[in-house]
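*Asks:* First residue of the sequence shown: 0, per numbering that gives the first Met the number 0; consecutive thereafter.
For every residue, glycine included, the Cβ atom is placed at its ideal position computed from N, Cα and C.
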Amino acid sequence: MVNIRRPISTMLKANLVNACQQLRLPTNGTVKTLRARLRSFARHHPEFAGDPRYAGLYPRRRGHGPPSTVSADSDSSDESDNRASPEPNANEENHNHHIDDQDPADDNDGEDNNDNDSDREWPEFRGILPQPRSASPSTASASDRASTVAPPRSVSVENSRFSTPNNHHERLVSPRPFELAPPSHHSAHSPPPNSPQHQAFVDNSSNIQTQDINLARRSTRVPGATISNTAYPPPPRFRQYLKNGWTHHIPLTALTDRACANEAMGKSRARNEFTLTFRADGSFAVPNPHSSPLQEQPTDEDDEHKISFHQWLQAWRRLLDLIRECLPPLDFSMWQAHYDRIFHDRTLSEYWPVWREYDILVRQQAVYDKKFDPSVFQKDTFAAVERRLRDAENNQRLNNAINAALRQLPKPFRSTSYRGSPSNPDQSSSSQEQPYRCLICGSRAHRPKQCDAKSLANGKPLLLPRPNGHPPYPNRPDNQNITYCFGWNGGKQRCNDTKCTRRHALIHSNPFFPIVTPFNPDAWDSALSSSNLREEFSDVADGIRFSFDMGTSSIINTYTYIPPNHKSATLHPNTIIDNIKSELQAHRYSGPFHPDRLTQIIGHFRSSPLGLVPKSDGGFRLIQDFSFPRGNPSILSVNAHIDLSNFHCNWGTFNKISDIVISAPKGTLMATMDVDSAFRRCPIHPSQRQNFIVHWEGLCYIDHCAPFGAASSGFVFGRVADAFVAILESRGITSVINWVDDFAIPFYPVQNSRPSQPTFSFTLETLYQIASDLGWPWKQSKTRPPAPQFTYLGFLWDIPNKTVEIPLNKKTKYLKKLEPWVPGSKFTRREAENLLGTLVHCSLAIPTSRTHLPPLTHFVASFNGSSSPHIRKSPNSSVFKDIEWWTLTLSSNFCGSTLSPPPPPCDISFWVDASTSWGIGVVFDGEWSSWKLKEGWQGDGRTIGWAEFLAIEFGLLLAIKKGHSNIHFIIHSDNQGVIFAFSKGRSRSLHQNQVLQRINSLCALHSIWITCRYVSSASNLADAPSRGLNIPHLTRSTTNIDIPPSLLPFLS
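Right, dumping it as structure tokens:
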């Protein structure tokens, strides 16, 4: 129940929050915000002014009637949107804090503060009044002072911070009338009752009231005021739409200044309205609505998609006034937030068409869905709008490029005789039908729709000839008997037939955007179809034939962007020039073009800085920095626009090749092959090539193939590689894996073949033949024939011995990289990251080395927030200690590990737990054990995670003491952090890593495999012993373990 009797200005924050809760208003914000929110509620609900339960919202002014007699509409300009009302006191914020800090009961000026609050709450405009004569209190007589009428406080429209065109109009033509003040209480300055002075005072008061009435009857016209379009109110029907619950869509074009002015003056009509024309004889004529020119004019809904930003701003101000007036305050706050989101967005000017369409869709949705919150950003709606506008822009750009290209081609049929145009200009304007010329074969005997020719007039074959005897719009198959969908390829790119079996792909050819690839699309279609893989890899087949989506379709180039190239490129200009020449000869580049000329052909475009990356053979690989610029929110890089979640492919990881080596039967051999320029074999979709322009020395080149440096290039080729591997699988060549362009192909011996001379089901020539048919470009110089030892992912694998190790040349290279890391040296972040990446790679072959990575990882993280990439830091002693370990390990003869499959998990129960209150508990093979930790064990980086790792170590020592080896344990723990760190093989904690190193040594020495499994604390059997409690149904273990000496100081 509402009970707000205390004035707002005297409320503390708790009282203001309580009042907001009673009125179901938001309760967040400062004291000033809460007061403004309550005052806003009072303005929009004058009907509660006479209710004593709401007395605190409507304070009375000294000498005036209750505010409830004032129309709320007259205050609309004092609060715009969802903001607080303007405060006359510049120190209002400090004043509010002062009020919060004191008890209102101790405020001797509470009544005056209440009056001031009323002035702020109910500002009035009482018209244009003459200024009263100013008289000094010392010289004016008592009668003059009594008869002088103080001028009412007026609000200046020009100085109001929240004045809008509508409010300006209301203030000029609808000033608030004067109100007669009710009888005031006896004041200290009034004469005593029943005295002559009191009678004179009453007479003077009557004169004042009479003068007030006369002033109130004065004209409301403002001298010098002019009429403007902003003075016209919105059409009344829109107000009714909102009062009925927003039943119709309100186009913003009907709320602009011009539209409202035309509506008010009767210049606009709805499409279903018409004008009666009265004749002189008294009859009238009704125009035919089907032939009315009004119907040919675009409707408000049509024009709304072309509204300018200034018109949108005008219309939204009126719409917000309507929403405030007709809808609940909560709805108004939602729409105000929607408007503010668009108006204050930093991309508004650049993406105005997208925001405009988004606003239209949200308002249209409000008519049908009464539950959704417009203040929440509708991400899917915005993405759909952006995609639709982008596709339309790309199609327009493509058509413009095609037209520009066609204008440069020979024009054999653009003579004066085209369509039989006569030389006589008078005859050309006659209504006589002119003969046509077929645009396909050049004949005048038929139109292009009826042409049966198989070739063009210039002799080139027609891509889609019309079958003889078919209607004008047949299903036209090409020379491969592929039928194309006319609805999709006819320019609309839309097919409404859900069961359409014809090809949905653009068949138009743009001379500036050729499809350059060695892949044979027909052979791929045939190979995938014959293997029942066409549906699974339809994106690959279509990409080879029509080019691939690189994930940059969200980029809308509103201007041409050409950043400078990187220093690595400018230092080796000959390398760049040679690479450009090579790409031009391979037809993967088109050009060169002057930037202005290229803009005319393909529209606005962007390039990315060129750079060079050293290769292992001493050469350079050209890349483009598609992650440039970095940290610039106004210009996002190409890679920033690419959503990698839309791309997927299979990679031949370390674990996959390990499984192949472990499970390989005796006599298995492995061949490695490499793809030549793998990325450059995948064509870019024509609609996205403007994002991959190459710029060098003032000239531009169009890149037609996936470049190095784009985030999606590897995934695009990886998807093609997946299809190629699937084709090999369908032909009996199994277990083929690849890492980008490096392929490992196992040769399994045929059953019943002799181990000394194993036979295989295929040879390298088989692989070459399959690749040749598909256009797959093997780089034969890098092919390594089948052998029991092979190199893959930078490691040397031995199939017979089931081992993996770091090759000698790699060890030499890595040791040289470790040489500068000695105490006293300083390093940059890039140097530290480079070394960390190398050691992480080495840890794949040496699993026990992972515990020697965290210190270096922490050193890399210490550079976070550095102002410059050239800052150098010195690592701590733990980093150099791990560097020494790595140096010793890489210097050994065998730097790797033995691969062996783990045995199946055993059935022995194994539970571990630790508690900070007592210690460590273990349940192993039906027996429980516990160890109490000394008080104060926590500290110096030792946490509950360290104790949980100790529980695993003590459990392993207990299992080893009982004679277990070559076994696979399932260990149950209720600490997810420990389980995650154990699966990674390392932890961020130094002390936990030390325990993990000892665990790895125990497992390696006794051939023990561990799998950690999470259980809840309530289900963990080791929870009780970790708290010093017994387990009634289990016996306590009597086995003693050898605890490492470094742990004895922490155990009781």
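#1: For S1015 and Q991, what's the separation of their Cα atoms in angstroms?
#2: Could you compute how far the alpha carbon of S712 sits from the alpha carbon of P776?
#3: Using 8 Å as the Cβ pair cut-off and three pairs as the minimum, do the segment 627-635 and the segment 693-704 touch?
#4: Do the segment 925-933 and the segment 969-984 make contact, defined as three or more Cβ pairs closer than 8 Å?
#5: With 16 other CB atoms within 10 Å as the buried threshold, where does A1003 fall?
#6: Quick check: the Cα distance between L995 and S1006, rounded to an integer number of angstroms?
#7: Could you tell me which uninterrupted alpha helix (DSSP H) segments, each at least 4 residues in length, are contained entirely in the segment 813-901, listed from first to last along the chain?
#8: So, with DSSP's three-state summary, where would you put W311?
#9: Establish whether the CB of S528 and some CB of chain C are separated by less than 8 Å.
#10: Grouping DSSP H, G and I as helix and E and B as strand, with all else coil, what is Q623?
#11: Can you tell which of P232, P1044, E46 has the C-alpha that lies nearest to the C-alpha of M264?
#12: At the level of alpha carbons, what is the spacing between N649 and L773?
#13: Going along the chain, which residues of its own chain have a beta-carbon closer than 7 Å to the beta-carbon of F909, five neighbours each way excluded?
#14: Here's a check: name, in chain order, each residue in its chain whose Cβ is nearer than 6 Å to the Cβ of Q313, leaving out the five neighbours to either side.
#15: List the residues that DSSP assigns as beta-bridge partners of V911.
#16: Give me the Cα-Cα distance between Y350 and I555, rounded to the nearest whole angstrom.
#17: Within 10 angstroms of the Cβ of H304, are there 16 or more other Cβ atoms? Answer buried if so, exposed if not.
#18: Could you compute how far the alpha carbon of H571 sits from the alpha carbon of P563?
#19: For R1052, count neighbouring C-beta atoms within 10 Å of its own C-beta (all shown protein chains included) and say buried if the count is 16 or more, exposed if not.
#20: Look at the alpha carbon of R587 and the alpha carbon of V515, and state the distance between them as a whole number of angstroms.
#21: Within 10 angstroms of the Cβ of W884, are there 16 or more other Cβ atoms? Answer buried if so, exposed if not.
#22: Considering only residues of the segment 564-619, which uninterrupted alpha helix (DSSP H) runs meet the minimum length of 4 residues and lie entirely inside it, listed in chain order?
#23: Use the C-beta contact count for L807: other C-beta atoms within 10 angstroms, 16 or more gives buried, fewer gives exposed.
#24: Between the C-alpha atoms of I736 and V839, what's the straight-line distance to the nearest angstrom?
#25: Looking at S899: is its Cβ nearer than 8 Å to the Cβ of I656?
#26: Helix, strand or coil: how does DSSP classify F381 here?
#27: Among all the DSSP beta bridges, which residues are the ones paired with Q788?
#28: Thinking C-alpha only, which one of W936, S1000, I907 is nearest L1047?
#29: Which of the three DSSP states is assigned to Q426 in this structure?
#30: Just list the residues that DSSP pairs C699 with in beta bridges.
#31: Is N165 helix, strand or coil by DSSP?
#32: Below 8 Å on the Cβ atoms is my contact criterion, and I expect L932 with I1040 to pass it. Report the Cβ-Cβ distance as a whole number of Å.
#33: Could you have a look at N649 and say whether DSSP puts it in helix, strand or coil?
#34: Return helix, strand or coil for T1037, following the three-state DSSP convention.
#35: According to DSSP, is A149 helix, strand or coil?
#36: Applying the criterion that 16 or more other CB atoms from any shown protein chain within 10 Å of the CB defines a buried residue, is L1028 buried or exposed?
*Replies:* With the given structure in hand:
#1: Going by C-alpha positions, S1015 is about 22 Å away from Q991.
#2: Roughly 17 Å between the two C-alpha positions.
#3: Contact between the segment 627-635 and the segment 693-704 is absent, with fewer than three C-beta pairs closer than 8 Å.
#4: Touching, no, given that fewer than three Cβ pairs across the two stretches are closer than 8 Å.
#5: Around the Cβ of A1003, a 10 Å sphere holds fewer than 16 other Cβ atoms; the residue is exposed.
#6: Between the alpha carbons of L995 and S1006 lies a distance of about 16 Å.
#7: The segment 813-901 contains these whole alpha helix (DSSP H) runs: 828-844, 853-860, 876-889.
#8: Judged by DSSP in its simplified three-state form, W311 adopts helix.
#9: Protein chain content of the structure displayed is limited to a single chain, and chain C is not contained in it.
#10: Secondary structure of Q623 (DSSP, three-state): strand.
#11: Distances from the alpha-carbon of M264 to those of P232, P1044, E46 put P232 closest.
#12: Their backbone Cα atoms lie some 20 Å apart in a straight line.
#13: Once the five neighbours on either side are set aside, the close Cβ partners of F909 are F923, G954, F968, I969, I970, H971.
#14: Contacts found: T255, D256.
#15: BP columns for V911 point to V921.
#16: One C-alpha to the other measures close to 9 Å.
#17: Burial call: exposed.
#18: As the crow flies, the alpha-carbon of H571 is around 15 Å from that of P563.
#19: Any answer about residue 1052 is impossible in this case: the structure gives the chain only from 0 up to 1051.
#20: R587 and V515 have their C-alpha atoms spaced approximately 6 Å apart.
#21: W884 counts as exposed, since fewer than 16 other beta carbons sit within 10 angstroms of its beta carbon.
#22: Counting only runs of 4 or more, we get 566-569, 572-584, 594-601.
#23: The residue in question, L807, is exposed, as its Cβ has fewer than 16 Cβ neighbours within 10 Å.
#24: So the two alpha carbons sit approximately 22 Å from each other.
#25: Result no, Cβ atoms of S899 and I656 do not sit closer than 8 Å.
#26: Assignment of F381 by DSSP, reduced to helix, strand and coil, places it in the helix class.
#27: Bridge partners of Q788: D797.
#28: Ranking the options by Cα distance to L1047, first place goes to W936.
#29: Because Q426 sits at a pLDDT of 41, beneath the cut-off of 50, its placement in the model cannot be relied upon, and the point is left open.
#30: DSSP lists F592, H694 as partners of C699.
#31: Any reading at N165 needs caution, since the residue's pLDDT is 38, under 50, leaving its predicted position unreliable; the model's value is listed next. In this structure, DSSP gives N165 a helical state, which the three-state scheme calls helix.
#32: Actually they do not touch by this definition, with Cβ atoms about 16 Å apart.
#33: If DSSP states are grouped into helix, strand and coil, N649 belongs with coil.
#34: Coil, per DSSP.
#35: At A149, the pLDDT of 38 sits below 50, so the modelled position is not reliable; the number obtained from the coordinates is stated separately. DSSP places A149 in coil when its eight states are reduced to three.
#36: Burial call: exposed.
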